[in-house]
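Quick note: the sequence shown uses the numbering used here, first residue 78, plus one each step.
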Amino acid sequence: MLVTSKMYNDTYYTNQYIASVGGVTLQNINQLERFFMTMIDWHLFITLEDFAFYERGLSGYQHVELPSAAALAHSLAVASSSDLHPASQIYLQ
78 MLVTSKMYND TYYTNQYIAS VGGVTLQNIN QLERFFMTMI DWHLFITLED
128 FAFYERGLSG YQHVELPSAA ALAHSLAVAS SSDLHPASQI YLQ
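What follows is the structure, given as structure tokens:
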């Protein structure tokens with residue numbers, strides 16, 4: 078939501094404010110934001126085809142296949158563990 082807010086709004090809460098409300102450090106918020114942006118390869122827009130796919134899934138309450146835990150763990154393992162936020166380490170175990 079933080080990234081979405083920054084993308085679509087001219088005014089938004091700072092990372093410092095989000096960190097204080099969320100009970101985490103500014104460093105943690107910054108790390109999580111960088112991690113998320115890296116995982117989506119800095120692509121903030123989706124194609125019309127992707128949008129239509131998820132819209133159909135949501136509007137019909139259909140099950141949408143998500144990556145398995147193993148696939149997620151593999152994709153996380155590709156990244157250097159020093160680049161990952163400590164909370165993401167649980168997926169690598």
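All C-beta atoms, glycine included, are put in the ideal place defined by N, C-alpha and C.
Contact under 8 Å by Cβ, residue i with residue j
| i | j | result |
| --- | --- | --- |
| Leu-109 | Gln-93 | no |
| Ile-95 | Leu-79 | yes |
Simplified DSSP state of residue i, which is helix, strand or coil
| i | result |
| --- | --- |
| Phe-122 | coil |
| Tyr-89 | coil |
| Thr-102 | coil |
| Gly-134 | helix |
Burial state of residue i, where buried means 16 or more other Cβ atoms lie within 10 Å
| i | result |
| --- | --- |
| Thr-91 | exposed |
| Ile-106 | buried |
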